[in-house]
Each structure stands twice: as structure tokens, then as C-alpha cells.
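Everything on this sheet refers to the single structure shown next.
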Ligand code: NAD
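Residue numbers (this note's numbering): 1 to 487.
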């Protein structure tokens, strides 16, 4: 059974009035158990606690304490690693194998420890030398980096632990206090982290508060409250836009990690037989990853051969029960998401694209929110399925005339999050990469990911970068000071 209680002001508490909602297993449609359903009042109390902790404790200035607490949290999570693993598979529906990578073990390796180490490494202040701007004498000047204050962390359901740790680690390392709102579909991993913070770390009360809720609108307390200094959000572009609008009233900075429609660009000198089948990698976790390469771009001269290679690869994707280590793909996270994906498949057919394989609900999996691994051919990049984020195991194969046309198609998107480029020449892959407007790119099968690697999007894929030095700086304010030279 997961943790029902929220964490507010250092205490594990139930929601106002004892309100709860059901956590569902998307693979079986069974209720796993209850979780507290925080109210707007609960969220306001969490904000007040974070504000009080920031304003009245040494948290922002005591780097050694922050480092100790981050490492305590790391050890506490590691101590329950296998419980996290089982819980993630049951509430997220992610395949077990994904927990050995990006769902759990990858972020657990360094998402907290890297920022903890950066507390010593980060350039907290720098001299900008002497200045005599008004001609009345020299001044020494320094630029200081400081915590922003109270950070609202709002996360989605697809890679919840990964996203929580990659926001919590840098935000806390930089000296901020936090109010975390998990997605309603996947709250137990967050409330478990809350319990570990309360029971296994020396974090002053109020430094981290965690408030799940069945009601998305409870999150608006975070965007409208004058006591929140920054909103760090990962989720859909539509919600990101709303968060930015709501934050405008109090002029809060927003840090947004949003959707994507990334390309897997196979250049004409690539090895097609080994590269194209790799496009089925996007079925991991049923295509529910913002950075997945959902548009396969191949030269028109090799189109039919590529469609066939993709078809075979998608037909070989093992999917079903996410607890079975042999499965690469589990269910969509909810009925709503399953219907959304099926709606896009219907739209693709309507607009003239051709389903080469998949295209429906698997008959042999009557329970759970499954969708077949699906390949669409004859896709024009202007079609809805090529422009909008489907968030399902659905690949669009698009033909291009030449390299310039490939770059044009890759950039003909409202999004700009990630992508892959494969070429027989790394230099050529790099030169194409410079022309693609996305925040990350994997070249020739390479992986850019890591706690030290900035991740985020161009265009409608977001504002700001998570992880890396840029990610730490997102959680800081800048203060410039000057004093008479020689004083
Ligand atoms: P979502 O936007 O529906 O919800 C995300 C979070 O925002 C949830 O916690 C939700 O309760 C909360 N929320 C909703 N309305 C709110 C409001 N008005 N004010 C405050 N909070 C509000 O997204 P989702 O369906 O949970 O996740 C899927 C989306 O997330 C996809 O679009 C995906 O691409 C994106 N995503 C992006 C990244 C990235 O780093 N770029 C990573 C993972 C997922």
C-alpha cells in the first residue's frame, strides 16, 4: 500500500476533511488504494510553510546542511528502491525494464548527488572588477547568486520520479524551499518521497511540502500566490501556457518543460537496416515520453524499404503486462490517454495516412489501457498526426527530397524539444544538428542525457533548462553589489 498522507510543514497529514481519491493501476484497471486529495486550503498552507521556512531558517545560506539533507534523501530513497520500482510499475504502468533506466535507476544514480556536489562547485559570486561609471571614483563590484525563494514544482505522470528528482535536487541545492504538486494519476511515488523526507532527513520543516490532489485546479494556488517566487513545471504545452498566464499577475518567472514532436532523421548515407528498426524505441512506456522521436524522416528514394523495416520492428515490440520484464511497452496511463491516442489514430486515417501496422486496441489485452504499436505511412508533415503530440506508441514515417528538405520538415513544427540524426559521417550529422531548432539531439545513436546535461525545449517545448549548470541557474536570482574601492 502506498503513502496516503501529504507533507506539509514537516508533518505527514491527511487532506482537509480527510478527502482522498483512488490511485488506479492502468494495466489492470484495479484500484491500488487511496491518496490524500489536497484542497486549495491545503495548498495554501503548504505555500505558507515553504515561505516561512525560506524566510526564517538558515536553509538558503547553510550549504553544508543542504548537502547533508540531499544525501540523506538519496540514501532513504535507495533504501526503498525496490518498493519505488514496484509502485512505479503499478501506478504509472511503465514497463519494469524502464525502471532500470530513466524511470528510476538512472535518476537515482545522480539526480540528487550531482546537485549536492555542486553546492561546493557552483560559482556563488564573481568579481566583475573595478568600475567608475560616473567619473567620481572607482568601485569594486561583485555579482552574487542566491536562491530565488519558494519554488512551486508541478510534475506530470509519465516519468514522475525522474522529473521530481531532477527538479527537487537543483532547487534544494541552490537554497530554495519547495511545494511539490504531483500529477493525480501517479501520486504515491511523491507521497513516499514526502514520508522519507519527514522521517529520514534533517530538512527543517517546511523546506519541502508535497500536496497531491484529484483536482488539477488546486495547482493554481501555486501560480497565483504572491508567496511563490518561481513555478517550475513539466507537462503539456496547453497547461504550460495556462501556468504562464496565471503567473503573469504576480510577475513570477516560469520554467517550463513542455511537449515535443521530435524527429528521427535518417540521412541517406546511414545504415538503414540497423537505424530504422531503432525507431521502435519510441514504444518504450507506450510512447509516453516528451523527448521521443515520433516522426521518422527518410529519403523518398528509400521510403518503401524504410516503412517495411519500421513495420517489422513495431510488430516485434513486446507489450502487455508491465510487470513482465520481457515487455517493452505497457498501457497508456489512463482511459483518457488511451482514448486520446485512439482519437489521433482515427484522425490520421481520416486525413489520408495509411496504417501499416497496429492502429487499435489489442484484442488479447481486454483489461488495461493498451494501444497497439502503430506505424503510419504516407504521412505529410502538415497532417495533425505529424504536428500534434500524440503521447502514444504511434510513429509517422515522412519522406524527404534532400538534406535541406529534411531540415525544413524537422523544423516545421511548433515544438523543438529533442531528436535523433543518423549519418555515415559524424561531421555531417553535426552540421545538420546545427540547423535543427531543438534543445537536445542524439547523433548516430548517442545519448545526451545526464544530471549535468541541460535539457529543455525551443519554441513551444518550453522555457529554460533542467539539469546542468543552466539548470542550477534556473533556481537562482542574481544580485550585483558595489562598494568604494579600497574601502
Ligand atoms: P498536464 O499538463 O496535464 O499536467 C501536468 C501537471 O500540471 C499535473 O500535475 C497537473 O495536475 C498540473 N496542472 C494541470 N492544470 C494545472 C493548472 N491550471 N495549474 C497548475 N497545475 C496544473 O500534463 P500530463 O498529461 O500530466 O503529462 C504529459 C505532458 O507532459 C506531455 O505533453 C509531455 O510532453 C509533457 N512532458 C514534458 C517533459 C519535458 O521535460 N519537456 C517531460 C515529461 C512530460
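Cβ coordinates follow ideal geometry from the N, Cα and C atoms, glycine included.
- For residue 420, the enclosing beta strand (DSSP E) covers residues 419-422.
- Uninterrupted beta strand (DSSP E) stretches at least 3 residues long and entirely within the segment 351-403 occur at 354-357, 374-377, 394-400, given in chain order.
- By the criterion of a C-beta distance shorter than 7 Å, residue 221 is surrounded in its chain by 40, 43, 44, 47, once the five residues flanking it on both sides are discounted.
- If the five residues before and after residue 283 are omitted, its C-beta is found closer than 8 Å to the C-beta atoms of 314, 317, 319, 328, 329, 373, 393, all from its own chain and listed in chain order.
- For the pair of segments examined, the segment 104-122 was found not to touch the segment 343-354: the number of CB pairs separated by less than 8 Å stays below three.
- Residue 397 and residue 306 do touch by the CB rule: their CB atoms are close to 6 Å apart, below 8 Å.
- Relative to ligand 1, even the nearest heavy atom lies 7 Å or more away from the CB of residue 283.
- Annotation for residue 290 indicates a beta carbon within 7 Å of some heavy atom of ligand 1.
- In this structure residue 8 does not touch residue 64 by the C-beta definition: roughly 26 Å separates them, more than the 8 Å allowed.
- Taking C-alpha positions only, residue 139 is separated from residue 91 by approximately 58 Å.
- Bridge partners of residue 177 according to DSSP: 150.
- CA-CA distance, residue 79 to residue 359, rounds to 42 Å.
- About 14 Å separates the Cβ atoms of residue 157 and residue 2, ruling out a contact at the 8 Å cut-off.
- For residue 482, the uninterrupted beta strand (DSSP E) segment begins and ends at 476-484.
- Taken through DSSP and simplified to helix, strand or coil, residue 317 comes out as coil.
- In the structure shown, residue 409 adopts helical secondary structure according to DSSP, grouped into three states.
- For ligand 1, no non-hydrogen atom lies closer than 7 Å to the CB of residue 188.
- Here the distance from the Cβ of residue 222 to the nearest heavy atom of ligand 1 is below 7 Å.
- Nearest neighbour of residue 180 by Cα position, chosen from 174, 199, 258, 207, turns out to be 207.
- Taking C-beta atoms as the reference points, residue 426 and residue 411 fail to come closer than 8 Å.
- Between the segment 446-466 and the segment 250-259 there are three or more C-beta pairs closer than 8 Å, enough to call the two in contact.
- In this structure, the alpha-carbon of residue 14 lies about 25 Å from that of residue 72.
- Ranked by Cα distance from residue 204, the first of 68, 361, 86, 357 is 68.
- Proximity of the beta carbon of residue 144 to ligand 1 is not indicated: no heavy atom of the ligand is located closer than 7 Å.
- A direct Cα-Cα distance of roughly 30 Å separates residue 263 from residue 363.
- If you check the CB distance, residue 409 and residue 400 come in under 8 Å.
- In this structure, residue 479 has its CB at a distance of at least 7 Å from all heavy atoms of ligand 1.
- Sequence-distant Cβ neighbours of residue 429 in its own chain, meaning closer than 8 Å and more than five residues away, are 267, 421, 422, 423, 443, 444.
- Listed as beta-bridge partners of residue 295 by DSSP are 263, 396.
- Within the segment 111-172, the complete alpha helix (DSSP H) runs of at least 4 residues fall at 113-121.
- The beta carbon of residue 311 lies closer than 6 Å to those of 356, 357, 375 in the same chain, with the five residues before and after it left out.
- Going by DSSP, residue 48 is part of the alpha helix (DSSP H) stretching over 40-56.
- DSSP, read as helix, strand or coil, puts residue 252 in coil.
- Non-local beta-carbon contacts of residue 323 in its own chain, meaning distances under 7 Å to residues more than five positions away in sequence, involve 89, 96 in chain order.
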